[in-house]
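*Asks:* Taken in order, these protein sequences are the chains called A and B.
This note's numbering puts the first residue of the first sequence at 1, with every later residue one more than the last.
This note's numbering puts the first residue of the second sequence at 1001, with every later residue one more than the last.
From the three backbone atoms N, C-alpha and C, an ideal C-beta is built for every residue, glycine too.
Have a look at this one.
There are 2 protein chains.
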Amino acid sequence: MTKLRVINFAVSLDGYGAGVDQTLDDPLGTDGERLHEWAVQTKWFGGPGSPDGIDDRFIDAGFESIGATIMGRNMYGPVRGEWGEDMWTGWWGSNPPYHHPTFVLTHHAHDPIEMEGGTTFHFVTDGIESAFEQATAAAAGQDIRLGGGVSTIQQYLDVGLVDDMHLAVVPILLGAGERLLDRTDRLDGFGPPEIVASTTVTHLTWRKA
Amino acid sequence: MTKLRVINFAVSLDGYGAGVDQTLDDPLGTDGERLHEWAVQTKWFGGPGSPDGIDDRFIDAGFESIGATIMGRNMYGPVRGEWGEDMWTGWWGSNPPYHHPTFVLTHHAHDPIEMEGGTTFHFVTDGIESAFEQATAAAAGQDIRLGGGVSTIQQYLDVGLVDDMHLAVVPILLGAGERLLDRTDRLDGFGPPEIVASTTVTHLTWRKA
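Structure (structure tokens):
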């Protein structure tokens, strides 16, 4: 049975999943890169490995048994409004790290973009449920990773489609930006989380109760 | 050298150290008791012990080498304004768990109250620095525990007097109440925290850099 899973999504101690002012140079907004220092030091990202190996295990697990990805348009790129002439193909170069069908939520239609390595970006204009159905079909029995950003995860939480959610809580304060858990009902329907600490972050994993 | 230490102070995942509407029945405000379920199950509080023993160790450590306590008036009791006729002596019965001089910040003078078991409540009306000085003298070389609540801790953080701060982050959302880390500068001057997870909470300990 295909699950919709949030995996390795980083939030600050004060709850922000991204800073303000996303730009081409700052894909996660001002100070947002500080949310990902723990991740970029892992071997998967080409780093030396996390100090105790725990973050490496979580990052690696985020790519196992995943047959499709769903993401919001802001995670796909900085373009707003109509796509225009610019041939934006994501932040990840010619060979993105997904290697499977990847569904981008947008209000603006766009032909699919086939990348190297098995990633094809599909642009979904008819809503989050449609994206979920298409991703479920594409995943062929594997799970779907819900990439982000904050607004996309909130929308799927609000319709109860998220099966499990793994957040990496980074012990820094951003003070502004997009706050993931801004309402108390967003954890309704999940049991108490599993808690695992590395030397750098706290991994919290909620599963549907 | 006497340190001023925040120990075992519980905050929700969305950062609240207490809920709203503190009353005699709800000393921590609406839902605030949920912040302390992890603590009351420890042996120190007369519970069965925490599932993995980790929370027990943290709770026990919170009473070691402490020679004085400072707390805000709201932590001491629900009385507001003038003390009046009511002989309030704290939430903790005739033998409070402090067993040392305990300094209560207030705008309203009150004679010291000597309790059983070594706790004497002293009421300090001339500010947080004065309370710190009096507590330092009383601690006689041991450390001072800064009890809370949120506003009291914030005031001491803002003048840079806190040497280390241990928060127990409880993976629940309160959505309203008193938010401890509501400004990004409140962690300035501390290094990255030590992170220890139990099965129920995350223990974060910052020390002066």
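Tell me the DSSP secondary structure of B:Trp-1206 in three-state form.
*Replies:* Correct three-state label for B:Trp-1206: strand.
*Asks:* Do you know how far the Cα of A:Val-201 is from the Cα of A:Asp-56?
*Replies:* If you take the alpha carbons of A:Asp-56 and A:Val-201, they lie about 12 Å apart.
*Asks:* Quick one: what's got a C-beta closer than 6 Å to B:Gly-1032's C-beta in the same chain, skipping five residues either side?
*Replies:* Closer than 6 Å at Cβ, skipping near neighbours: Ala-1018, Gly-1019.
*Asks:* Exposed or buried, B:Asn-1095, counting other C-beta atoms within 10 Å across all chains shown (16 or more means buried)?
*Replies:* So B:Asn-1095 counts as exposed.
*Asks:* Within 10 angstroms of the Cβ of A:Ala-137, are there 16 or more other Cβ atoms? Answer buried if so, exposed if not.
*Replies:* By the 10 Å Cβ count, A:Ala-137 comes out exposed.
*Asks:* If you reduce the DSSP assignment to three classes, tell me which class A:Ile-128 lands in.
*Replies:* If DSSP states are grouped into helix, strand and coil, A:Ile-128 belongs with the helices.
*Asks:* Is it the case that the CB of A:Phe-63 approaches a heavy atom of the ligand PLP more closely than 7 Å?
*Replies:* The ligand PLP is absent from the structure shown, which contains no ligand whatsoever.
*Asks:* Looking only at its own chain, which residues have a Cβ that is under 7 Å from the Cβ of B:Trp-1088, when we skip the five neighbours before and after it?
*Replies:* Here the set comprises Gly-1077, Val-1079.
*Asks:* Here's a check: name, in chain order, each residue in its chain whose Cβ is nearer than 6 Å to the Cβ of B:Glu-1129, leaving out the five neighbours to either side.
*Replies:* There are no such residues.
*Asks:* Tell me the rounded alpha-carbon separation between A:Lys-208 and A:Pro-27.
*Replies:* In a straight line, the C-alpha of A:Lys-208 is about 31 Å away from that of A:Pro-27.
*Asks:* With a cut-off of 8 Å, does the C-beta of B:Pro-1171 fall near any C-beta of chain A?
*Replies:* B:Pro-1171 counts as touching chain A.
*Asks:* For B:Thr-1102, does the three-state DSSP call read helix, strand or coil?
*Replies:* B:Thr-1102: strand per DSSP, three-state reduction.
*Asks:* Quick check on the DSSP output: what are the complete beta strand (DSSP E) runs of length 3 or more inside the region 1117-1191 of chain B, in order along the chain?
*Replies:* Listed in chain order, the complete beta strand (DSSP E) runs (minimum 3 residues) inside the region 1117-1191 of chain B are 1120-1124, 1143-1148, 1164-1170.
*Asks:* Mapping the DSSP letters down to three states, classify B:Ala-1061 as helix, strand or coil.
*Replies:* Three-state result, B:Ala-1061: helix.
*Asks:* Going along chain A, which residues have a C-beta under 8 Å from B:Ile-1195?
*Replies:* Neighbours of B:Ile-1195 on chain A, chain order: Pro-171, Ala-197, Ser-198, Thr-199, Thr-200, Val-201, Thr-202.
*Asks:* Count the other CB atoms, across all protein chains shown, that sit within 10 Å of the CB of A:Thr-42; report buried if there are 16 or more and exposed otherwise.
*Replies:* A:Thr-42 is buried by the Cβ-count criterion.
*Asks:* Do A:Gly-175 and B:Arg-1179 have their C-beta atoms closer together than 8 Å?
*Replies:* Cβ atoms of A:Gly-175 and B:Arg-1179: not closer than 8 Å.
*Asks:* Rounding to the nearest angstrom, what Cα-Cα distance links B:Ser-1050 and B:Val-1162 in this structure?
*Replies:* Between B:Ser-1050 and B:Val-1162, the C-alpha separation is close to 28 Å.
*Asks:* Give every residue of the same chain whose Cβ lies closer than 7 Å to the Cβ of B:Pro-1192, excluding the five residues on either side of it in the sequence, and list them in chain order.
*Replies:* Nothing meets the Cβ criterion.
*Asks:* Quick one, are the C-beta atoms of A:Leu-146 and A:Val-169 less than 8 Å apart?
*Replies:* Not a contact, by the Cβ cut-off of 8 Å.
*Asks:* Going by C-alpha distance, which of B:Asp-1086, B:Phe-1123, B:Trp-1083 is nearest B:Pro-1101?
*Replies:* Among B:Asp-1086, B:Phe-1123, B:Trp-1083, the Cα nearest to that of B:Pro-1101 belongs to B:Phe-1123.
*Asks:* Look at B:Thr-1120 and B:Thr-1106 and say whether their C-beta atoms are less than 8 Å apart.
*Replies:* In this structure, B:Thr-1106 does not lie closer than 8 Å to B:Thr-1120 by Cβ.
*Asks:* Assuming B:Leu-1181 contacts A:Leu-13 (C-beta within less than 8 Å), just tell me the rounded distance between them.
*Replies:* B:Leu-1181 to A:Leu-13, Cβ: 6 Å. Contact.
*Asks:* Could you pull the start and end residues of the beta strand (DSSP E) that B:Thr-1080 belongs to?
*Replies:* Thr is not the amino acid found at residue 1080 of chain B; the sequence shown has Arg there. Taken as a continuous stretch (DSSP letters only), B:Arg-1080 belongs to no beta strand (DSSP E), as it is neither H nor E.
*Asks:* Between B:Pro-1192 and chain A, is the shortest Cβ-Cβ distance under 8 Å, so that the two count as touching?
*Replies:* With 8 Å as the cut-off, B:Pro-1192 counts as an interface residue toward chain A.
*Asks:* Any Cβ of chain B within less than 8 Å of the Cβ of A:Arg-183?
*Replies:* Taking Cβ atoms only, chain B reaches closer than 8 Å to A:Arg-183, which makes this a yes.
*Asks:* From the DSSP output, which residues share a beta bridge with B:Leu-1004?
*Replies:* Partner(s): B:Ile-1144.
*Asks:* From the DSSP output, which residues share a beta bridge with B:Ser-1012?
*Replies:* Paired residues: B:Val-1170.
*Asks:* Which of the three DSSP states is assigned to A:Ala-109 in this structure?
*Replies:* In this structure, A:Ala-109 counts as coil in the three-state DSSP scheme.
*Asks:* Compile a chain-ordered list of the residues in the region 4-23 of chain A whose CB is closer than 7 Å to at least one CB of chain B.
*Replies:* Flagged, chain order: Leu-13, Asp-14, Gly-15.
*Asks:* Do A:Ile-195 and A:Val-6 have their C-beta atoms within less than 8 Å of each other?
*Replies:* Result no, Cβ atoms of A:Ile-195 and A:Val-6 do not sit closer than 8 Å.
*Asks:* Helix, strand or coil, according to DSSP, for B:Glu-1085 in the structure here?
*Replies:* B:Glu-1085 falls in the coil class under three-state DSSP.
*Asks:* Starting from A:Glu-37, trace the alpha helix (DSSP H) both ways and give me its first and last residue.
*Replies:* Here the alpha helix (DSSP H) through A:Glu-37 covers 37-40.
*Asks:* Could you check which residue in B:Thr-1002, B:Lys-1003, B:Met-1001, B:Gly-1015 has the C-alpha nearest to that of B:Val-1150?
*Replies:* Checked all of B:Thr-1002, B:Lys-1003, B:Met-1001, B:Gly-1015; the closest Cα to B:Val-1150 is B:Gly-1015.
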